[in-house]
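Chemist: First, the structure itself, so that you have it in front of you.
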Amino acid sequence: MSQEIHFHARDEPATARFGQLLSQCLTPGTVVALVGTLGSGKTRLVQAVAAALGVSDEVTSPTFVLVNEYVHGRLPVYHFDTYRLRDDDEFLELGPAEYFDGNGVTFVEWADRVIDCLPRDYLRIEIEVVSETARDFAISASSDAMEPLLQKINQELAS
Ligand SMILES: Nc1ncnc2c1ncn2[C@@H]1O[C@H](COP(=O)(O)OP(=O)(O)O)[C@@H](O)[C@H]1O
Ligand SMILES: [Mg+2]
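Quick note: the sequence shown uses the numbering used here, first residue 196, plus one each step.
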């Protein structure tokens, strides 16, 4: 298993900065698996990335609609929330492969619930609640092919 990068956000503006930095590293077809408890900041991070990509629409939790698409930014943003899905089949009915292979970046909240449905190559971001305002982001790659992206994020974080 490859390296894991950690980013500590002491408050919400720091999470927003992390999202901005991430947005500079993401390319079309990148899939980001988000893992973390309810209220850890999965949706907040997607909001930050979308804002940095120039998405002007309000980014809301797709808990009820299951997938949101934001196409007005520098890159399209596809945002899944699998919290209410019963099983893999329900996720597959949403046609995730078309999003994964599309021209945008795809975020999947509660990704561990549909882990077998994810492509081979994805970025995994696990969020840990440290305190009411602090979060720890653990970023890792699912495969060797994602290592360059991980390194790029590491460099951006260090600069
Ligand atoms: N550093 C932080 N990063 C992200 N969210 C934070 C942070 N500090 C406090 N919060 C709050 O935590 C909540 C995260 O909610 P949300 O992103 O919807 O969680 P999730 O999608 O993981 O269920 C928001 O109410 C947000 O204001
Ligand atoms: Mg959410």
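The beta carbon of each residue, even a glycine, is placed where N, CA and C say it ideally should be.
(1) By the 10 Å Cβ neighbour count, where 16 or more other Cβ atoms means buried, how is L233 classified, buried or exposed?
(2) Just to confirm my understanding: we take Q215, look at its own chain, exclude 5 residues before and 5 after, and list those with CB closer than 7 angstroms. What are they?
(3) So, for C312: in the same chain, excluding its five sequence neighbours on each side, which residues have a beta-carbon less than 8 angstroms away from its beta-carbon?
(4) Taking 8 angstroms as the line, does the beta carbon of D276 fall inside it for any heavy atom of ligand 2?
(5) Please confirm whether any heavy atom of ligand 1 lies closer than 8 angstroms to the CB of K237.
(6) Do you know whose CA, among R239, L270, T238, T255, lies nearest G249's CA?
(7) Relative to the C-alpha of T222, which candidate in L318, A353, I334 has its C-alpha closest?
(8) Determine the DSSP secondary structure at V266, reduced to helix, strand or coil.
(9) What's the C-alpha gap between Q219 and D307?
(10) Given this structure, state the Cα-to-Cα distance separating G231 from I310, to the nearest angstrom.
(11) May I ask whether a heavy atom of ligand 1 can be found less than 8 angstroms away from the beta carbon of T225?
Modeler: Put simply:
(1) exposed
(2) A243, A247
(3) D283, F286, L287, P291
(4) yes
(5) yes
(6) L270
(7) L318
(8) coil
(9) 25 angstroms
(10) 14 angstroms
(11) no
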